[in-house]
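**Student:** Per this note's numbering, residue 2 is the first one in the sequence shown, and the count goes up by one each step.
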Amino acid sequence: MTLRGKHIIVGVTGSIAAYKAAMLVRLLVREGAEIRVIMTPAAKEFITPLSMATLSKYPVLVEFSNPENGSWNSHVSLGVWADALLIAPATANTIAGMAAGTAGNLLLATCLSARCPVFVAPAMDVDMFRHPSTVRNLKTLREQGIHVIEPSSGELASGLDGKGRMEEPETIVRWLSGRLIPDDCRGKKALVTAGPTHEPIDPVRFVSNYSSGKMGYALADELARRGAEVLLVSGPVELTPQHPSVKRINVRTAEEMYRASVELFPECDAAVMAAAVADFTPATTLSRKIKDKQNMMLPLLPTKDIAAALGKMKRAGQVVAGFALETDNETENAVKKLNDKHLDFIVVNSLNDPGAGFGYDTNKITIHDAQGNTQHFDLKNKTDVAKDIIDKLVTYFHEKDK
Ligand code: CTP
């Protein structure tokens, strides 16, 4: 269900391809989207509002108001409600109206009010499609950031052969799904740990590691983009979350990260442990700078394992995901961590893979889960890696919501 919970307006205009809009709406509903259909008066000549209302499970909107009862179909409210506006089929006339910014019918007025991404799937005869006016109008739409789903070539209703056939509904749905961010984390609260920790030796020195925090921040942003409320418990890094709804809790040491995580986890649905927590901390922290550099010994104590603590605290329905950065016996070590820490899944990156690990903008991961499944992924930038990891997390949410 790639469009679960998405609000999509399907605009249908007066083209012979309007019959394809019925299948399109059916597929969008199957992908979990909530649909409102707006038809232009001319579209009603090609397909009945009854068919479209039945498939979309909602009355079709055509006019600005209903003279029978005085109710108003607010293009402004529709424009705000929608996560996407898809006009399929889009005639040369509607495209011209959009390019000119006219508001002569409910669909055109809604286009002007829409705050969401707009997609048009043109359908017309070959000569209309290549007419300089249409070419110019489509260029204008593209310049406005409107996505034009190119028509395909083939036999047209006119009997002519050429470009102008509306793209097939399956392709349009794939296109739309690829460009709309899923809303599949809405209503969920997630804890993400990120970055290194600094374990102070004295006021100017600390024990730490090379973690940049990039992976954890990418995960927090991806979760927030997909609708989750995110609590990002972050060690000291030079990053800021991109998404405004990520709440960042700054910590410095492993002990501080432990306390914040253990306190926040009970209110969360999931925890993604991306931090590279220092494994050791100086047994004592000196309040004055060390001056004696002869015979220097630094007694260290192990830090608390935060992932293991959350794995132990986990209630039914809560998900805990961990990371493992390995140089040898990757699978064996990672699966051991997965089991020892009671994680639901573990994301492994090998320091032997070029482009993976600390500091890079890219990562190459393998995911092992507690059910014994393994998924390998290609080298990708950390934003795309975050998508793969959150896709995995979401499968647990759906399992729980069943
Ligand atoms: N982790 C943690 N708290 C720690 C150490 C690790 O929460 N004190 C988490 C990390 O965030 C990561 C996972 O545990 O999700 C694995 O971290 P890693 O350092 O690879 O594992 P360790 O258990 O420390 O094992 P080792 O250093 O021996 O490889």
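Ideal placement from N, C-alpha and C gives every residue a C-beta, glycine not left out.
Where in the stretch 260-324 do unbroken runs of the alpha helix (DSSP H), each at least 4 residues long, occur, reported from the N-terminal end onward?
**Tutor:** Within the stretch 260-324, the complete alpha helix (DSSP H) runs of at least 4 residues are 307-314.
**Student:** Please classify H399: does DSSP put it in a helix, a strand, or coil?
**Tutor:** To locate residue 399, count along the sequence shown from 1; it is residue 398. Residue state, collapsed to three classes: helix.
**Student:** Which whole-angstrom value is the C-beta distance of V13 and I48, which I expect to be below 8 Å?
**Tutor:** Along the sequence shown, read from residue 1 onward, the residue named residue 13 stands at position 12. Along the sequence shown, read from residue 1 onward, the residue named residue 48 stands at position 47. That pair is a contact at about 7 Å.
**Student:** Just checking, does the stretch 179-190 make contact with the stretch 268-287 on the three C-beta pairs under 8 Å criterion?
**Tutor:** Touching, yes.
**Student:** Could you please give me the residues that DSSP links to W176 through a beta bridge?
**Tutor:** For the purposes of this step, residue 176 is identified with residue 175 of the sequence shown, where counting begins at 1. Answer is none; W176 lacks a bridge partner.
**Student:** Could you check where the beta strand (DSSP E) with I96 kicks off and where it finishes?
**Tutor:** As a position in the sequence shown, residue 96 is number 95, starting the count at 1. Where I96 is concerned, there is no enclosing beta strand (DSSP E), although the alpha helix (DSSP H) it sits in stretches over A93 to A101.
**Student:** Let's see if you can read the secondary structure: which residues bound the alpha helix (DSSP H) around F130?
**Tutor:** The count along the sequence shown starts at 1 and reaches residue 130 at position 129. V127 to R131 is the extent of the alpha helix (DSSP H) around F130.
**Student:** Under DSSP, the alpha helix (DSSP H) around N419 begins and ends at which residues?
**Tutor:** With the chain covering only 2 through 403, there is no way to say anything about residue 419.
**Student:** For V63 and chain E, any beta-carbon pair shorter than 8 Å?
**Tutor:** The displayed structure is made up of one protein chain only, and chain E is not part of it.
**Student:** Cβ of T194 within 7 Å of any heavy atom in the ligand CTP?
**Tutor:** Reading the sequence shown from its first residue, position 193 is the one you call residue 194. At least one heavy atom of the ligand CTP is nearer than 7 Å to the Cβ of T194, so yes.
**Student:** List the residues that DSSP assigns as beta-bridge partners of F120.
**Tutor:** Against the sequence shown, residue 120 aligns to sequence position 119. DSSP output for F120 lists L87 and H148 as bridge partner(s).
**Student:** Report the option in E239, L29 and A308 whose CA atom is closest to the CA atom of I347.
**Tutor:** Translated into positions along the sequence shown, residue 347 becomes position 346. Of the listed residues, the one whose Cα sits closest to I347 is A308.
**Student:** If you draw a straight line from the C-alpha of D84 to the C-alpha of T135, how long is it?
**Tutor:** As a working mapping, residue 84 is identified with position 83 in the sequence shown. As a working mapping, residue 135 is identified with position 134 in the sequence shown. Going from the Cα of D84 to the Cα of T135 covers about 27 Å.
**Student:** In whole angstroms, what separates the C-alpha of P170 from that of L79?
**Tutor:** Within the sequence shown, the letter at position 169 stands for residue 170. Within the sequence shown, the letter at position 78 stands for residue 79. For P170 and L79, the distance between alpha carbons rounds to 23 Å.
**Student:** DSSP three-state label for M40, please.
**Tutor:** By one-based count along the sequence shown, residue 40 stands at place 39. Reduced to three states, the DSSP call for M40 is strand.
**Student:** Do you know offhand how far S159's Cα is from A124's?
**Tutor:** Residue mapping note: residue 159 aligns to position 158 of the sequence shown, counting from 1. Residue mapping note: residue 124 aligns to position 123 of the sequence shown, counting from 1. Going from the Cα of S159 to the Cα of A124 covers about 12 Å.
**Student:** When every heavy atom of the ligand CTP is checked, does at least one fall within less than 7 Å of the C-beta of K313?
**Tutor:** Taking the sequence shown and counting its residues from 1, the one referred to as residue 313 is at position 312. Result no, Cβ not under 7 Å from the ligand CTP.
**Student:** Taking the alpha-carbon positions, what's the M314 to A275 distance?
**Tutor:** As a working mapping, residue 314 is identified with position 313 in the sequence shown. As a working mapping, residue 275 is identified with position 274 in the sequence shown. Cα to Cα, the separation comes out at about 18 Å.
**Student:** When you compare each of H343, V208, A229 and G214 to A279 by their alpha carbons, which one comes out closest?
**Tutor:** For this step, residue 279 is matched to residue 278 along the sequence shown. Taking only the C-alpha atoms, the option nearest A279 is V208.
**Student:** Does the beta-carbon of Y211 have 16 or more other beta-carbons within 10 angstroms, so that it is buried, or is it exposed?
**Tutor:** Translated into the one-based positions of the sequence shown, residue 211 becomes position 210. Exposed: under 16 other Cβ atoms inside 10 Å.
**Student:** Just the Cα atoms here: how many angstroms apart are H399 and D385?
**Tutor:** Looking up residue 399 in the sequence shown gives position 398. Looking up residue 385 in the sequence shown gives position 384. Between H399 and D385, the C-alpha separation is close to 21 Å.
**Student:** To the nearest angstrom, how far is it from the Cα of T285 to the Cα of A317?
**Tutor:** Position 284 of the sequence shown, counting from 1, holds the residue named residue 285. Position 316 of the sequence shown, counting from 1, holds the residue named residue 317. Whole-angstrom Cα-Cα distance: 39 Å.
**Student:** Could you pull the start and end residues of the beta strand (DSSP E) that D203 belongs to?
**Tutor:** Within the sequence shown, residue 203 is the residue found at index 202, counting from 1. Per DSSP, D203 belongs to the beta strand (DSSP E) from E200 to D203.
**Student:** Would you mind stating whether L352 and E333 have Cβ atoms separated by less than 8 Å?
**Tutor:** If you number the sequence shown from 1, residue 352 lands on position 351. If you number the sequence shown from 1, residue 333 lands on position 332. The answer is no: Cβ separation not under 8 Å.
**Student:** Put E257 into one of helix, strand or coil per three-state DSSP.
**Tutor:** Your numbering for residue 257 matches position 256 in the sequence shown. Of the three classes helix, strand and coil, the one that applies to E257 here is helix, per DSSP.
**Student:** Within 10 Å of its beta-carbon, does F324 have 16 or more other beta-carbons around it, so buried, or fewer, so exposed?
**Tutor:** Taking the first residue of the sequence shown as position 1, residue 324 is located at position 323. Buried.
**Student:** Note down the Cα distance separating L87 from P152, rounded to an integer number of angstroms.
**Tutor:** Your numbering for residue 87 matches position 86 in the sequence shown. Your numbering for residue 152 matches position 151 in the sequence shown. If I take the Cα positions, the gap works out to 14 Å.
**Student:** Would you say the beta carbon of G323 comes nearer than 7 Å to a heavy atom of the ligand CTP?
**Tutor:** Taking the first residue of the sequence shown as 1, we reach residue 323 at position 322. Correct: G323 has its Cβ closer than 7 Å to the ligand CTP.
**Student:** Cβ of D370 versus every heavy atom of the ligand CTP: is any distance shorter than 7 Å?
**Tutor:** What you label residue 370 is simply residue 369 of the sequence shown in a count that begins at 1. Not so, every heavy atom of the ligand CTP lies at least 7 Å from the Cβ.
**Student:** Give every residue of the same chain whose Cβ lies closer than 7 Å to the Cβ of G98, excluding the five residues on either side of it in the sequence, and list them in chain order.
**Tutor:** Start at 1 with the first residue of the sequence shown, and residue 98 comes out as number 97. Correct list, in chain order: G105 and L109.
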